[in-house]
Amino acid sequence: MQRGFQLEAKTGEPLISFGLLEEALNLARANSLWPITFGLACCAIEMMAAGASRFDLDRFGAGVFRPSPRQSDLMIVAGTISKKMAPPIVRLWDQMPAPKWVIAMGNCAISGGPFYYPNQYAIVPGADLIIPVDVYVPGCPPRPEGLIEGILVLEEKITQRGRLRKFRDVK
Amino acid sequence: MNFMVQTLGTAGATMVVGLIGVMALVAVNALFLIWMERKVSAHMQLRPGPMEVGWHGAIQTIADAIKLMGKELITPEEVDRPIFWLAPIVIFLPVLLSFLVIPFSASWIIRDMNVGIVLILAFSTLAVLSILMAGWSSNNKYAVLGAIRSVAQNVAYEIPLLITVMSIILMVGSFKLTDIVAAQERLWFVLLQPVAFILYIICATAETNRAPFDIPEAESELVAGFHTEYSGMRFALFFLAEYTNMFICSAIAAVLFLGGWHGPILPGVVWFLIKVYFVIFLMMWFRWTFPRTRFDQLITFAWKILIPLAFANLLITALVLKLR
Chain A
110 MQRGFQLEAK TGEPLISFGL LEEALNLARA NSLWPITFGL ACCAIEMMAA GASRFDLDRF
170 GAGVFRPSPR QSDLMIVAGT ISKKMAPPIV RLWDQMPAPK WVIAMGNCAI SGGPFYYPNQ
230 YAIVPGADLI IPVDVYVPGC PPRPEGLIEG ILVLEEKITQ RGRLRKFRDV K
Chain B
916 MNFMVQTLGT AGATMVVGLI GVMALVAVNA LFLIWMERKV SAHMQLRPGP MEVGWHGAIQ
976 TIADAIKLMG KELITPEEVD RPIFWLAPIV IFLPVLLSFL VIPFSASWII RDMNVGIVLI
1036 LAFSTLAVLS ILMAGWSSNN KYAVLGAIRS VAQNVAYEIP LLITVMSIIL MVGSFKLTDI
1096 VAAQERLWFV LLQPVAFILY IICATAETNR APFDIPEAES ELVAGFHTEY SGMRFALFFL
1156 AEYTNMFICS AIAAVLFLGG WHGPILPGVV WFLIKVYFVI FLMMWFRWTF PRTRFDQLIT
1216 FAWKILIPLA FANLLITALV LKLR
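For the protein sequence lines, the chains are A and B, in the order given. Under this note's numbering, residues 110 to 280 are what the first sequence spells out, in order. Under this note's numbering, residues 916 to 1239 are what the second sequence spells out, in order.
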């Protein structure tokens, strides 16, 4: 993927690249990903655990769960998306200011998970059918370490460099 | 400096230098306080808090600020545009004006006015106006509810606050903040007026809209309260004003009760800042210890307990001063 404005990078090639300014902005964005307070099912419990004392998402600057979509940068789709819930998710996504990112957390948000079978009528099989997903975190539900790893991968995607590799290699 | 003194006069030059200093202080103070808040909350919950961005998360707030500057500014379709645009700017007016009379030390004061404390109390009430502007113009039910609660809360805490401050003024006999500090050279007023100090801290917590009285922006009921519709830098301005307001409330507490710049060995400014940040730490301690009160609980508490206590305190102060 090309360097440059991430929103454009999602849809196509960046028109103008501002070099150093863009890199500084991306570095700041990657280090303060404020998620929206928003959970759909049991994966949200693991998301809360990731934010709480033992795992502490705030270490990476991503622990400020904002209640309003207007002030958040990251949507963690944590759980099963029922057809009833899909329009509110799209609406919340539209209300968030650019630049913004999505993490699909858990098998349900990736592909419908155990609730997707022939003739089912209630589940949207995958968050990527309704909003553009950046990082997929598999698991049913994924452990908090999985979500933190997903956020670190998203940070690398935003800055285009392996900034946090030294923390990830710690055994 | 000489050029400025010649063109503006001494008072004007002090004003310009003071304004630049205050702007710098506001920015640095907010950056530090947000980091401190996150660290204090983290350690109270047995977790480390920001660790990866800078040494112990030292530049975390700078990253947040740059990110907020780069965010999209959303103006929703149905908002009242001029008021929506003006509210985050207006909230800075009372905050900046209050710095005019705060004595950082015996000589570090922009303008030593004889109405000092009254000026600060009068302007701090204006902050409610901009919250009302923000909530009303957003055209959002949660924002309006937050604004309404903020105004009602203002009525609840403002009266005991004024009466409490009145008992200190009665002891000193002057509205001037430097006079109030000078009167505490031997004995701090917190020892003579412990009840007034507790009442003031409670009212200051309510004035800065912080837990347990953060009813206007109660997350679990009102999304984000009056700034629900604000994004990017406009939201950051509300945040900045809130933390600066905390600094001012704590500075008044330091001036009225903790002896201002008085203290051994260290210079006056250092003592003043130590006292201010101690009171701020106290307020953060409250925030991460107490759950949020319900709205009617705050009103009942203010009208049935705080106001009678404040009046009793004022009456006893007056009696003791008269009979002494």
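Heads up, the beta-carbon is just placed ideally off N, CA and C, and yes, glycines get one too.
Q) Residues in its own chain within less than 6 angstroms of Phe-1014 (chain B) by CB, not counting five upstream and five downstream? A) Looking up residue 1014 (chain B) in the second sequence gives position 99. Sequence-distant partners of Phe-1014 (chain B) (beyond 5 residues in either direction) whose C-beta falls short of 6 angstroms from its own C-beta, in its chain, are Val-937.
Q | N-terminal and C-terminal residue of the alpha helix (DSSP H) that Ile-185 (chain A) is part of | A | Position 76 of the first sequence, counting from 1, holds the residue named residue 185 (chain A). Ile-185 (chain A) -> not in any alpha helix (DSSP H); beta strand (DSSP E) instead, spanning 183-187.
Q: Keeping to the same chain, check which residues put their C-beta closer than 8 angstroms to that of Ala-926 (chain B); ignore five residues upstream and five downstream.
A: Locating residue 926 (chain B) in the second sequence gives position 11, where the first residue counts as 1. Within the same chain, Cβ atoms closer than 8 angstroms to the Cβ of Ala-926 (chain B) are found at Arg-1026, the five residues on either side in sequence being excluded.
Q.
For the pair the stretch 261-271 of chain A and the stretch 227-239 of chain A, tell me if three or more CB-CB distances fall below 8 angstroms.
A. No, they do not touch.
Q) The beta strand (DSSP E) spanning Val-244 (chain A) covers which residue range? A) For the purposes of this step, residue 244 (chain A) is identified with residue 135 of the first sequence, where counting begins at 1. Unbroken beta strand (DSSP E) run through Val-244 (chain A): 244-246.
Q. What are the complete beta strand (DSSP E) segments, minimum 3 residues, inside the stretch 920-947 of chain B?
A. Taking 3 residues as the shortest admissible run, the stretch 920-947 of chain B contains no complete beta strand (DSSP E) segment at all.
(Q) Here's the rule: buried if 16 or more other CB atoms are within 10 angstroms of the residue's CB, otherwise exposed. What is Asp-1129 (chain B)? (A) In the second sequence, residue 1129 (chain B) corresponds to position 214, counting from 1. Asp-1129 (chain B) counts as buried, since no fewer than 16 other beta carbons sit within 10 angstroms of its beta carbon.
Q. Whose C-beta lies closer than 7 angstroms to the C-beta of Ala-1133 (chain B) among residues of the same chain, with five residues either side of it excluded?
A. Translated into positions along the second sequence, residue 1133 (chain B) becomes position 218. The answer, listed in chain order, is Gly-1140 and Arg-1207.
Q: Note down, in chain order, every chain A residue with its Cβ under 8 angstroms from the Cβ of Leu-961 (chain B).
A: Indexing the second sequence from 1 puts residue 961 (chain B) at position 46. Ser-162, listed in chain order.
**Q.** 7 angstroms Cβ cut-off: residues of chain A touching Val-968 (chain B)
**A.** Position 53 of the second sequence, counted from the first residue, corresponds to residue 968 (chain B). Result: Asn-140 and Gly-170.
Q: Taking only beta carbons into account, state which residues of the stretch 1088-1117 of chain B come closer than 9 angstroms to chain A, listed in chain order.
A: Those residues of the stretch 1088-1117 of chain B placed with their C-beta closer than 9 angstroms to a C-beta in chain A do not exist.
Q: Return the CA-CA distance between Gly-1088 (chain B) and Cys-1164 (chain B), expressed in angstroms with no decimal places.
A: Walking along the second sequence from the start, residue 1088 (chain B) turns up at place 173. Walking along the second sequence from the start, residue 1164 (chain B) turns up at place 249. Each residue's CA atom was taken as its position, placing Gly-1088 (chain B) and Cys-1164 (chain B) some 21 angstroms apart.
Q. Who are the neighbours of Tyr-1158 (chain B) on chain A, taking C-beta pairs under 9 angstroms?
A. For this step, residue 1158 (chain B) is matched to residue 243 along the second sequence. Taking a Cβ-Cβ threshold of 9 angstroms, none of the residues of chain A is close to Tyr-1158 (chain B); the smallest such distance is about 15 angstroms.
Q.
For Val-994 (chain B), report the span of its beta strand (DSSP E) as first-last.
A. On the second sequence, residue 994 (chain B) is found 79 positions in, with the first residue counted as 1. From DSSP, Val-994 (chain B) is part of no beta strand (DSSP E); its letter is neither H nor E.
Q) Of the residues B:Gly-1174, B:Gly-985 and B:Met-1148, which one's Cα is nearest the Cα of Leu-865 (chain B)? A) This structure does not reach residue 865 (chain B), given that chain B is present from 916 up to 1239, and the question cannot be answered.
Q. In chain order, what residues of the stretch 1138-1154 of chain B put their CB closer than 7 angstroms to some CB of chain A?
A. Within the stretch 1138-1154 of chain B, contact with chain A at the beta-carbon level (separation under 7 angstroms) is assigned to Val-1138, Ala-1139, Thr-1143, Glu-1144, Tyr-1145, Ser-1146, Gly-1147 and Phe-1150.
Q) Hey, is Ala-1121 (chain B)'s beta-carbon within less than 8 angstroms of any beta-carbon in chain A? A) Along the second sequence, read from residue 1 onward, the residue named residue 1121 (chain B) stands at position 206. Not one chain A Cβ lies under 8 angstroms of Ala-1121 (chain B).
(Q) Less than 8 angstroms between the C-beta atoms of Phe-965 (chain B) and Arg-168 (chain A), yes or no? (A) Here residue 965 (chain B) refers to the residue found at position 50 when the second sequence is read from its first residue. Here residue 168 (chain A) refers to the residue found at position 59 when the first sequence is read from its first residue. Per the sequence presented here, residue 965 (chain B) reads as Pro, with Phe not at that position. Result yes, Cβ atoms of Pro-965 (chain B) and Arg-168 (chain A) sit closer than 8 angstroms.
Q: Leaving aside the five residues before and after Met-930 (chain B) along the sequence, list all residues of the same chain whose C-beta is less than 6 angstroms from its C-beta, in chain order.
A: By one-based count along the second sequence, residue 930 (chain B) stands at place 15. Take Met-930 (chain B), set aside five residues on each side of it, and no residue of its chain has a beta-carbon closer than 6 angstroms to its own.
Q: Determine the contact status of Leu-1114 (chain B) and Leu-1221 (chain B), defining contact as a CB-CB distance below 8 angstroms.
A: For the purposes of this step, residue 1114 (chain B) is identified with residue 199 of the second sequence, where counting begins at 1. For the purposes of this step, residue 1221 (chain B) is identified with residue 306 of the second sequence, where counting begins at 1. Yes, the Cβ-Cβ distance between Leu-1114 (chain B) and Leu-1221 (chain B) is below 8 angstroms.
**Q.** Runs of alpha helix (DSSP H) lying entirely within the stretch 1144-1176 of chain B, each at least 4 residues, in chain order
**A.** Runs of the alpha helix (DSSP H) inside the stretch 1144-1176 of chain B: 1147-1171.
Q) In terms of residues, what are the limits of the alpha helix (DSSP H) holding Ala-978 (chain B)? A) Here residue 978 (chain B) corresponds to residue number 63 of the second sequence, with the count starting at 1. Note, Ala-978 (chain B): alpha helix (DSSP H), 975-984.
Q: Please check the pair Ser-1065 (chain B) and Pro-1131 (chain B), which I expect to be a contact at CB under 8 angstroms, by giving their CB distance rounded to whole angstroms.
A: The sequence position of residue 1065 (chain B) within the second sequence is 150, counting from 1. The sequence position of residue 1131 (chain B) within the second sequence is 216, counting from 1. The C-beta distance from Ser-1065 (chain B) to Pro-1131 (chain B) rounds to 4 angstroms, short enough to fall under 8 angstroms.
**Q.** Positions along the stretch 207-234 of chain A whose CB lies within less than 8 angstroms of some CB in chain B
**A.** The stretch 207-234 of chain A vs chain B, Cβ under 8 angstroms: Ala-207 and Pro-208.
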